[in-house]
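Asks:
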Amino acid sequence: MARFLVTGGAGYVGSHCVLALVERGDDVVVIDNLRQGHRAAVPAGVPLIEADLADRAAVASVFAGPRFDGVLHFAALSLVGESMREPLRYMAENVGNTLWLADAAVRAGCRSFVMSSTAALFGTPDTIPIDEGQPLRPASAYGESKLMAERGLDWAERVHGLNSAALRYFNAAGADPAGRLGEDHDPETHLIPLAINAALGLGPELTVFGTDYPTPDGTCLRDYVHVTDLADAHLRVLDVLASGRSGRWNIGNGRGYSVKEVIAAVERIGGRPVPHRIGPRRDGDPAALVASSAKLAADTGWTPRFAALDDIVATAWAWRVAHPRGYGDRRPVEAAA
Ligand code: UDP
């Protein structure tokens with residue numbers, strides 16, 4: 039049994055990872071400012087410290103307790119469009135919070151640090167699928183902020199011996215297959231929940247952002263990876279870090295689905311149409327983003343359990359049907375013993 043600090047543990051990917059850690063018997067402490075996170079997404083019995091990472095005194099007091107074996111850092115600003123309106127805030131907050139957190143971890147004698155990174159590091163890629171050797175040239179302030187944070191962690195390893203992992207997520211999607219957790223953002227900007235909301239009449243009709251891309255059906259291709267598979271990857275890279283190695287890994291299913299294919303999958307799973315209209319391209323959207331996860335597979339044995347788009351959509355659909363208002367005032371989830 040080990041003890042982990044999870045920032046953003048009340049958020050979408052973070053909460054699925056907390057559940058996975060608790061289920062394998064680890065001790066977890068969550069720190070989350072609850073700006074995007076939900077108290078009800080934190081399993082009963084897991085301490086939740088409601089604080090912002092910019093509050094360095096609060097962070098220091100968390101590290102003053104019993105030693106953590108590792109830090110998993112999910113909390114961040116993560117909207118590409120917003121980052122192009124507020125680039126300096128994105129870089130200042132994401133980089134500052136990550137590196138001051140790493141500094142606190144180093145001072146407390148913690149040796150393992152995992153951060154959420156992104157496909158946005160690659161901008162418009164030269165070739166598909168995207169492996170770790172592709173040039174890093176973010177096309178947004180969000181992507182740049184994650185690259186700067188990764189580079190800061192490189193220095194923390196070189197100077198302080200802090201082992202670190204960055205997992206570059208492609209499109210996180212789906213929900214806990216047992217229905218305990220799901221995706222609940224405000225505002226929601228992601229394709230799958232927006233399409234589901236439109237189909238259920240819980241949100242406006244979907245706008246398809248562009249049909250003139252150089253792809254088979256003219257809409258963008260993205261690599262949707264199940265959030266439970268992402269959580270599993272975090273557990274696996276913790277083992278790599280514990281063995282004294284660091285790494286940077288891309289993570290996705292290795293297959294791209296178009297916006298039109300996602301709409302068709304939601305209609306298939308939900309058994310009803312997704313009201314939608316065709317709109318202009320969204321600024322900064324590359325035509326295709328598909329990951330090679332070969333390095334992650336080779337280093338950790340990871341393979342996606344929910345690789346099929348229909349499985350991903352089915353778990354997201356089930357959660358939304360059960361929770362039309364998202365977390366609302368739900369009670370905290372019960373982790374299986
Ligand atoms: N998308 C869309 N309409 C929407 C939201 C997204 O057509 O209302 C498209 C978007 O252009 C992209 C894909 O769906 O090609 C996935 O977008 P999302 O925002 O979910 O994730 P991103 O790829 O930006 O990380």
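Using this note's numbering, read the sequence shown as starting at 39 and increasing by one per residue.
For every residue, glycine included, the Cβ atom is placed at its ideal position computed from N, Cα and C.
1. Note down, one range per segment and in chain order, each beta strand (DSSP E) of at least 3 residues found wholly within the stretch 222-310.
2. Which class does A329 belong to by DSSP, given the choice of helix, strand or coil?
3. How many angstroms separate the CA atom of Q172 from the CA atom of I289?
4. Quick one: what does DSSP say D349 is sitting in, helix, strand or coil?
5. Answer yes or no: the CB of P362 versus the heavy atoms of ligand 3, is any distance below 7 Å?
6. Run through DSSP, which three-state label would T341 get?
7. Rounding to the nearest angstrom, what Cα-Cα distance links A375 and A82 in this structure?
8. Only counting the same chain, and skipping five residues up and downstream in sequence, which positions put a Cβ closer than 6 Å to that of A204?
9. When you compare the CB positions of Y251 and T245, do they come within less than 8 Å of one another, or not?
10. Can you tell me whether A375 is helix, strand or coil according to DSSP?
11. Quick check on the burial criterion: 16 or more other C-beta atoms within 10 angstroms. Buried or exposed for D214?
12. For the beta strand (DSSP E) containing T156, list its first residue and its last residue.
13. Between which two residues does the beta strand (DSSP E) containing V67 stretch?
14. Could you work out which residue in V351, F344, A346 and K333 is closest to I168 when comparing CA atoms only?
15. For my contact list, V144 and H198 are in at a C-beta cut-off of 8 Å; report their separation, rounded to the angstrom.
16. Please list the terminal residues of the continuous alpha helix (DSSP H) segment that includes V84.
17. By Cβ distance below 6 Å, which residues in the same chain neighbour I166 in space, the five residues on each side in sequence not counted?
Replies: From the atom records:
1. 244-247, 262-264 and 285-289
2. Position 291 of the sequence shown, counting from 1, holds the residue named residue 329. Reduced to three states, the DSSP call for A329 is strand.
3. Along the sequence shown, one-based indexing puts residue 172 at 134. Along the sequence shown, one-based indexing puts residue 289 at 251. Roughly 14 Å separates the two Cα atoms.
4. As a first step, residue 349 is located in the sequence shown; it is residue number 311 there, counting from the start. Helix.
5. The model depicted lacks ligand 3 and carries ligand 1 instead.
6. By 1-based counting over the sequence shown, the position of residue 341 is 303. Looking at T341 - three-state DSSP - the assignment turns out to be coil, as it is neither helix nor strand.
7. Position 337 of the sequence shown holds residue 375. Position 44 of the sequence shown holds residue 82. Reliability of the predicted coordinates at A375 is poor, the pLDDT of 45 falling under 50, and no value is obtained from them.
8. On the sequence shown, residue 204 is found 166 positions in, with the first residue counted as 1. Result list for A204: M153, S155, E188 and R286, in chain order.
9. Taking the first residue of the sequence shown as position 1, residue 251 is located at position 213. Taking the first residue of the sequence shown as position 1, residue 245 is located at position 207. No, Cβ-Cβ distance for Y251 and T245 is not below 8 Å.
10. As a first step, residue 375 is located in the sequence shown; it is residue number 337 there, counting from the start. With a pLDDT of 45 at A375, under the threshold of 50, the modelled position of that residue is not reliable, and the figure given next carries that caveat. Coil.
11. The residue given as residue 214 occupies position 176 in the sequence shown. With 16 or more Cβ atoms within 10 Å of its Cβ, D214 is classed as buried.
12. Taking the sequence shown and counting its residues from 1, one reaches residue 156 at position 118. Segment S150 to T156, the beta strand (DSSP E) holding T156.
13. Position 29 of the sequence shown holds residue 67. Segment D65 to D70, the beta strand (DSSP E) holding V67.
14. Here residue 168 refers to the residue found at position 130 of the sequence shown. Comparing Cα positions, the closest option is K333.
15. Working through the sequence shown from its first residue, we reach residue 144 at position 106. Working through the sequence shown from its first residue, we reach residue 198 at position 160. At roughly 5 Å, the Cβ-Cβ gap stays under 8 Å, so V144 and H198 are in contact.
16. One-based indexing of the sequence shown puts residue 84 at position 46. Where V84 is concerned, there is no enclosing alpha helix (DSSP H), given that its DSSP letter is neither H nor E.
17. As a working note, residue 166 is residue 128 in the sequence shown. Cβ neighbours of I166 beyond the five flanking positions: A326 and V328.
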